[in-house]
């Protein structure tokens, strides 16, 4: 990509995303989807575990490797 970033994983949602926030644990992503009244929680560590199982680890920290803050 021209901005120096590379897409490693693409998450799909049924409507546009209005907001995102990474939790302090660095493994939980909150996603607000347009038209929804609740925030979806995406567990990035679970995605990493699934990718690792098929040999495609992308280096997302898992909950066991992130220090409590």
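Residue numbers (the working numbering): 15 to 83. Ideal placement from N, C-alpha and C gives every residue a C-beta, glycine not left out.
{"Item": "Beta-carbon gap between residue 66 and residue 41 smaller than 8 Å", "Value": "no"}
{"Item": "Residue-level contact to chain C via CB, residue 22, 8 Å cutoff", "Value": "Of the protein chains in the structure, only one exists, and it is not chain C."}
{"Item": "C-beta contact flag for residue 44 and residue 52 at 8 Å", "Value": "no"}
{"Item": "Helix, strand or coil at residue 34 according to DSSP, with G and I counted as helix", "Value": "strand"}
{"Item": "Alpha-carbon spacing of residue 29 relative to residue 50, whole angstroms", "Value": "9 Å"}
{"Item": "Residue 76 in three-state terms, based on DSSP", "Value": "coil"}
{"Item": "Neighbourhood of residue 32 by C-beta distance below 8 Å, restricted to the same chain and skipping five residues each side", "Value": "46, 47 and 48"}
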